[in-house]
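Per UniProt numbering, the sequence shown starts with residue 1, numbered consecutively. Positions of the beta carbon are idealized from the N, C-alpha and C atoms, including for glycine.
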Amino acid sequence: MEISEWTRIFQNEGKGLLHGDNWTLMFDSNIVPESPEYRWEMYIRNTSARSVFECPECLRGWPSNRVMVVFHMRLMNGAGTVKVRRLRQNCKNCYEAQMADPVIASDNINTLMKNLVKKIRIKCYHENLDQGNYNHPRFDVNSPHEPDHCEGCMTGILFESLLQLDTKTGNYKVLIFKSLRVLCIH
Ligand SMILES: [Zn+2]
Ligand SMILES: [Zn+2]
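Here is the structure:
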C-alpha cells in the first residue's frame, strides 16, 4: 500500500479535527520506535493483516495479527508531520530471506488512522479526550508468531522493556524494564 493511500485515509479521518493545520504523512523505516526525537510524540499500535508479508524469494504470503506500526508525530508552526514505520517480517522457509513490508488492508488502515488522529488531538493539541482506541478487524492466524523472523522482536522496540499487549485496547503496556533482549509478547 502506497503512502498516498495512507494519506488519503488520514486526511479523511482528520477532516475538521486537526485545527485547520496541514499534516503530512511519510514512511520512514529509520525512526527508532521508543525513542522519538526531541519534540516528537510517539504512538505504537498493533494491527492485523490477512496476507501481509510476501517473501521475495518463494512468494509465500502469511497473515499476522502482530503487525506493529510506529508513528512519530510533530506539530510545528501550524504544520504537522507524521513518520510511519511498519515493522517487517521475513520468511521462515527461506534462508536469510529479505525482510518484507506488511501490506495492511484499507479497513485496518482506516482504524489505524482513526486512532492516530485521536492521538494527535490528545498529544499535539492537548485535547481532553479519553485514551481508548478503536479496534481493528482481526484475522484467523493458525501459525505462531516467529520472533526470529520479526523486526519488532529483533530490533529496538522490545529491547529493553517487557511489553504486554492488552488485547482489549490493542495497546502495549510496559511491564518491567530489563537489559536483555525480550521476545515480542503477543
Ligand atoms: Zn520464502
Ligand atoms: Zn515479533
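| Closest residue to Cys55 among Lys15, Asp28, Asn65, Met99 (Cα-Cα distance) | Within the sequence shown, numbered from 1, the residue matching residue 55 stands at position 55. If we check each option's Cα against that of Cys55, Met99 comes out closest.
| field | Beta bridge counterpart(s) of Tyr43 as assigned by DSSP | value | Translated into the one-based positions of the sequence shown, residue 43 becomes position 43. According to DSSP, Tyr43 bridges with Phe71.
| Sorted by chain position, which residues of the same chain lie with C-beta nearer than 7 Å to Tyr134's C-beta, five sequence neighbours on each side aside? | The residue given as residue 134 occupies position 134 in the sequence shown. Contacts found: Thr111, Lys114, Asn115.
| Measuring CB to CB, does Gly80 end up less than 8 Å from Asn128? | What you label residue 80 is simply residue 80 of the sequence shown in a count that begins at 1. What you label residue 128 is simply residue 128 of the sequence shown in a count that begins at 1. Not closer than 8 Å, so no.
| field | Residue span of the alpha helix (DSSP H) that contains Gly20, given as start and end | value | As a first step, residue 20 is located in the sequence shown; it is residue number 20 there, counting from the start. Note, Gly20: premise wrong, no alpha helix (DSSP H); not H, not E.
| message | Measuring only from the beta carbon, is Arg66 closer than 7 Å to any heavy atom that is part of ligand 2? | response | In the sequence shown, the residue the question calls residue 66 occupies position 66. Yes, since a heavy atom of ligand 2 falls inside the 7 Å radius drawn around the Cβ of Arg66.
| message | Strictly by DSSP, which residues pair up with Cys150? | response | Within the sequence shown, numbered from 1, the residue matching residue 150 stands at position 150. Answer is Gln89, bridged to Cys150.
| request: Measure the C-alpha to C-alpha separation of Val103 and Glu37 and round it to an integer number of angstroms. | output: Counting from 1 along the sequence shown, the entry for residue 103 is found at position 103. Counting from 1 along the sequence shown, the entry for residue 37 is found at position 37. For Val103 and Glu37, the distance between alpha carbons rounds to 27 Å.
| said: I believe Asn46 touches Val67 by the beta-carbon criterion, under 8 Å. Please report the beta-carbon distance rounded to the nearest angstrom. | reply: Taking the first residue of the sequence shown as 1, we reach residue 46 at position 46. Taking the first residue of the sequence shown as 1, we reach residue 67 at position 67. About 7 Å; that satisfies the 8 Å criterion.
| task | Please classify Leu165: does DSSP put it in a helix, a strand, or coil? | result | Counting from 1 along the sequence shown, the entry for residue 165 is found at position 165. Strand, per DSSP.
| request: Using the Cα positions of Ala97 and Asn90, report the straight-line distance between them to the nearest angstrom. | output: Along the sequence shown, one-based indexing puts residue 97 at 97. Along the sequence shown, one-based indexing puts residue 90 at 90. Going from the Cα of Ala97 to the Cα of Asn90 covers about 6 Å.
| request: With Cys12 as the anchor, note down where its alpha helix (DSSP H) starts and where it stops. | output: If you number the sequence shown from 1, residue 12 lands on position 12. As written in the sequence, residue 12 is Asn, which differs from the Cys given in the question. Residues 3-14.
| How is the alpha helix (DSSP H) around Asp107 delimited, first residue to last? | Indexing the sequence shown from 1 puts residue 107 at position 107. Note, Asp107: alpha helix (DSSP H), 106-123.
| Within 7 Å: the Cβ of Gly170 and any heavy atom of ligand 2? | Within the sequence shown, the letter at position 170 stands for residue 170. Checking the Cβ of Gly170 against ligand 2 gives no.
| query | Using a Cβ-Cβ cut-off of 8 Å (strictly less than) and excluding sequence neighbours within five positions of Lys92, which residues of its own chain qualify? | reply | Taking the first residue of the sequence shown as position 1, residue 92 is located at position 92. Result list for Lys92: Glu146, Asp148, His149, in chain order.
| said: In whole angstroms, give me the CA-to-CA distance for Trp6 and Ile120. | reply: Against the sequence shown, residue 6 aligns to sequence position 6. Against the sequence shown, residue 120 aligns to sequence position 120. Each residue's Cα considered, the two are about 16 Å apart.
| said: Rounded to the nearest angstrom, what separates Gln11 and Lys123 at their Cα positions? | reply: As a first step, residue 11 must be located in the sequence shown, where it is residue number 11. As a first step, residue 123 must be located in the sequence shown, where it is residue number 123. Answer to the nearest angstrom: the Cα atoms are 18 Å apart.
| request: Examine ligand 1 and report whether any of its heavy atoms sits within less than 7 Å of the Cβ of Glu127. | output: Here residue 127 corresponds to residue number 127 of the sequence shown, with the count starting at 1. It does not: the Cβ of Glu127 is nowhere closer than 7 Å to a heavy atom of ligand 1.
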